[in-house]
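The structure appears right after this line, and notes come after that.
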């Protein structure tokens, strides 16, 4: 397609897999193992997550972020329930109605909020007029937040705790879409527990694919009661792998020696470098604070053309003449990738 | 768990992955690629399947056999439809209701039939009294057959063609669960086309996981009209991989140089060897003709105990004192695996 | 359509409405009343049912038998559940998959059994090999029995109690499709409680439409815990009437002064008269014991023709030359209806 | 509950049934009739609607407005579809997720718009950025508009036609929730065809219950291709009445001699009288133009108390101290009802 290999700012999931993850799969590949998660690697992966989060939990590997989110959510709400989420959330915009499908037709109630984040106060106000208990209305059951948000911003532990407080007040569960959780942990410099269960998260989609794994996310139940139905719903979704150990092996390698945080750290630093380079350039306007590995920026149309011609991969959001571009950095984005991008853009 | 490494007759999906498949994943892992199947490897894999089957088709990789079956089926029937299948079929017994879930509540109508196979005549009779067109009854829409069947037996091309003729007579589509298609092709010594589209199959789950791959099946649409909805349904199911190229790379390697048939050939030969060894032993009764890589045999209870103690993995079906055992051979089953099993069993 | 008004043996729901029910609707029609069941008539109807059954309960009117069955069932099983029922049951054969739709894809597991009845022993055996707790299989959650059965036969209180005992042993709920409950009560000469909650029924579809009402059934929860979700599921099904009082008024009139049992008594007596008339006629073979208001009988083809020509309405089941006919008597079937039928048939 | 009979401004469905409709039910009640709509009254009712609308069509009676809307909509969209509607629409706010349930999880996309109405331009803009054809997003399939809107306002034929033009441009169907269609026809002084099929409506919920019937709405398919699936979906929903003729008889009486328009005319006039009485009173603020039989008005809290005490039924929307009240007039609202309300309110 390109004279040279293209440089990826399209998505962190357009990056290749870390060699360490591939190697873990290769090492896993010896001898028989009973299928469907009845294997030592899967059991051990769950123990690794217990250590990481410093608490008891139940964890199940699935292969896609959508599966992680929607099978988790469907364990938390009846079909007549409502899931409160930000209007820009992945479950609303990018999963082709998978939450509605898996829940049997629950409704996503959309919240406004700056920088892709919902506020606890706004949430509280909406829940207060939700019609809870009235048969004509869907019943509020879950709040879903995204960490890192779809705008590349981050919830602090305090912000999550405030949302959790509202959830508890109204009797709802709290789910976190953590497809890019690693990038948030690096930025927050906190313990993974701080922004999840200690802040009140009940069920977490613990992402790995966007941060160097091949295809694995763990659905982590801090509220273990909610896990009772999960395995049946996962099976019905076709998401129990017969050779599950190869999913678990990816996760195990991902967690080893803070490998996952190192990957995310690279991505975040490269995003910061990109943001720094673009700032001060009058023709570029950053749309949101850059807190992780994703930037939204308006560029002149001719810059977009020049960058595309030079082999950079990225998404133009909306009409090209509006110039809004999304740039995502990855575990394997290099300084030279960033610098060559800036060089063209700033010409 | 065992003093020595256990020997697997539990399932072909308890076997490890072929090294060639692992290597293909490793080789795939270079440079960026757009996600969700917009990559060269996925496009090329579809071309490989066109060559293999000698026809135009559409093919989509998914990661589990259940996903392949049920997303395919849900593209072939409305929610008020009926899927006619054998009462022992995997979609009825082993998918936790995934077909009902994905179709929005279609009904599986169960057929009797010797050796796990439905007959065209019985099917025709059942369809003739199905209430087609009458609003009180679910409407016949799809026939699903399994190749190799859950009893380890095989449909000949003529048998499939006869079923297809009934399908066409009543206006139904024909789906084939080919989780072990390779094992049937080896046994039939036929072209893959002969027992699929040339015999009237519209949609095929083309299995690879049970025959040496890590986690991939292709849903193949010979009736390409039926593919229109597939991608949306796959997405809603959470079964579009962002890093789809690693699924496609497995399939590409699987198909190269008849690799897939060699794997299946090993498994079938080992099953035949096992069957031959058990035959003539009065205490063993084979339940079905052994035509592929799966045996159902009744053994004395003390044999079962001795075999388990010796580290053999296999499933006891039903109460132990009835002694019904399922034995499955795999791409990596060795003559010595078989012979050591026979040695203990025949003691 | 006919020279004379046709005589209905087609169905008890092809009969008109009792004048007393029409009159009750007319009387109800005064002044405003808040909608959706927040009216005095609905509250009073529930009290009437408490008196009738001699226990506390929750009762909700719906307008069709299918709605009563499937909204009740969907309150008793998750989407990954299994409903055990006779293979001839209405929920399996005559509701176009409504149970699968309302439950989100639960599976109906079909039981054999003479005269349209399941036996407790057979049920127990099937449940013992159901795969409860194993993720690959749908999970047994409900047993559904039909009183009167689709063959026109009746479960005794002891038979229901034996089934309930099996239900409790395996942790399942027990639902009764009582579309023709009245006809069974008359035949059993028992208290309505005896064959329902005292025999272990948790949820009952209490039919009225087939026995003289216009369009109303009550879903009665003896296990009131199971009612928690019912109202939301009813609303989602579009089955909460804004002018609910006109449903409740029908039920109230139906229950008054044993009116419902008198209606059923007529129907049963006419069925018995018809059966007596047909018995001893060599060309007629009754297929099942006649215990309520429904007969299945084989007639010579020319009798069928003569009867149709004479304006009798009834259903021929299956091919006409096999001569299987279903005859249903109603609250308004008269002796002369029966006698004129017999006169032609026996010519 | 009250010393005197309460006066209903709560809802048009809290009003009783017109005596003429009750009488039609009584007259219908003679002789047998085959069930499930295979009766002469149902056939004749469809012919009546053809005459009313001056075109060929298919029409099916159901008993509730929610059923009419959602079974109609589920015939127009696949499960991965999107239904575009106003954010205040009944299908979004007051049906407990019934559209999501019946469609198998389609998504309602919510539009802003003054006075409860969507504008064609805004709709066009939203559809232009909907992600049609892209697998990650639900696919736009239907536009649903409400006539009379939930704010008591009315779409003109030109406005409907403009929306229909956008629908056609983007390949969507157009559904109209006409629970109060009669009230709009009276106000518009137009032919029913003008604001429905001639303006591009494909499927109409033709309401009768709120305008004097007991419990019946017709789902009218002007686009008869879309009716193919309707009957199966209605059956699965439990919405085919065995004694369907009593629904059809209500509709037939409703349509006779413009009876339906006379009823609506009374309601509209009483609403206008109420609005006129409230206007010019500084303490009352009408929220929307009063175009049919529904007013939203803010009243002083003490007025609300006085009115409730005097036995008026109406709904307070939101917190009482904000004073927002909904007032609905009906076919049986009298001048003295209105005047006595005004008398208290204006004191």
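Residue numbers (my numbering), protein chains in the order written: chain A, 1 to 347; chain H, 1001 to 1347; chain V, 2001 to 2347; chain P, 3001 to 3347. Beta carbons are placed, not taken as given, at the ideal position from N, Cα and C, and that holds for glycine.
Under the three-state reduction of DSSP output, residue 3009 (chain P) falls in the coil class, being neither helix nor strand. The C-beta of residue 1078 (chain H) comes no closer than 8 Å to any C-beta of chain A.
With its beta carbon at least 8 Å from every one in chain A, residue 1309 (chain H) lies outside the interface. Looking at the DSSP output, residue 1139 (chain H) bridges to H:1081.
Apart from sequence neighbours up to five positions away, the residues of its chain that approach residue 2245 (chain V) with a beta-carbon distance below 7 Å are 2028, 2033, 2039, 2041, 2042, ordered along the chain. As the crow flies, the alpha-carbon of residue 3013 (chain P) is around 17 Å from that of residue 3262 (chain P). Residue contact with chain A for residue 2136 (chain V): present (Cβ-Cβ distance below 8 Å to some residue of chain A). For residue 3129 (chain P), the C-beta contacts it makes with chain A under 8 Å involve 318, in order along the chain.
Within chain H, no residue has its CB atom less than 9 Å from the CB of residue 3221 (chain P), the nearest being about 16 Å off. Shown here for residue 102 (chain A): same chain residues with a beta carbon closer than 8 Å to its own, the five before and five after excluded, namely 70, 71, 73, 74, 233, 237 in chain order. At a cut-off of 8 Å between C-beta atoms, residue 3090 (chain P) does not count as an interface residue with respect to chain V. Between residue 25 (chain A) and residue 250 (chain A), the C-beta gap is smaller than 8 Å, which places the two residues in contact. Where residue 101 (chain A) is concerned, the enclosing alpha helix (DSSP H) starts and stops at 98-103.
Counting the other Cβ atoms within 10 Å of the Cβ of residue 3333 (chain P) gives 16 or more, which makes it buried. Taken residue by residue, none of the segment 139-163 of chain A has a beta-carbon sitting less than 8 Å from a beta-carbon on chain H.
Under the three-state reduction of DSSP, residue 1059 (chain H) is assigned to strand. Between residue 3205 (chain P) and residue 3178 (chain P) the beta-carbon gap is near 5 Å, inside 8 Å, which marks them as a contact. As for any beta strand (DSSP E) of minimum length 3 sitting wholly inside the segment 198-270 of chain A, the runs are 203-207, 217-221, ordered along the chain. Each of A:108, A:35, A:30 was checked against the Cα of residue 90 (chain A), and the nearest Cα belongs to A:108. Sequence-distant partners of residue 1036 (chain H) (beyond 5 residues in either direction) whose C-beta falls short of 7 Å from its own C-beta, in its chain, are 1240, 1242, 1244.
Using a Cβ-Cβ cut-off of 9 Å, residue 93 (chain A) is close to 3131, 3136, 3137 of chain P, given in chain order. In this structure, the beta-carbon distance from residue 1154 (chain H) to residue 1184 (chain H) falls below 8 Å. In the structure shown, residue 1290 (chain H) adopts coil according to DSSP, grouped into three states. One finds nothing in chain A with a Cβ atom closer than 9 Å to the Cβ of residue 2245 (chain V); even the nearest lies about 17 Å away. For residue 326 (chain A), there is no enclosing alpha helix (DSSP H); the enclosing beta strand (DSSP E) has its first and last residue at 324-328. Across the segment 228-240 of chain A, no CB contact with chain P closer than 9 Å is found for any residue. Within the segment 2057-2083 of chain V, contact with chain A at the beta-carbon level (separation under 7 Å) is assigned to 2078, 2079, 2080.
Relative to residue 224 (chain A), the option among A:49, A:51, A:57 whose CA is nearest is A:57.
Residue 2107 (chain V) is bridged by DSSP to V:2082. Residue 202 (chain A) is not a Cβ neighbour of residue 166 (chain A), given a cutoff of 8 Å. Residues of chain A whose Cβ lies closer than 7 Å to the Cβ of residue 3053 (chain P) do not exist, since the nearest Cβ in that chain is about 30 Å away. Look at residue 3277 (chain P) here: in three-state DSSP terms it is helix. Not a single C-beta of chain V is nearer than 8 Å to the C-beta of residue 3255 (chain P). From the beta-carbon of residue 104 (chain A), the residues of chain V found nearer than 7 Å are 2079, 2104. According to the DSSP secondary-structure assignment, residue 1340 (chain H) is paired through a beta bridge with no residue. For the C-beta of residue 214 (chain A), the chain H residues within less than 7 Å are, from N- to C-terminus, 1243, 1246.
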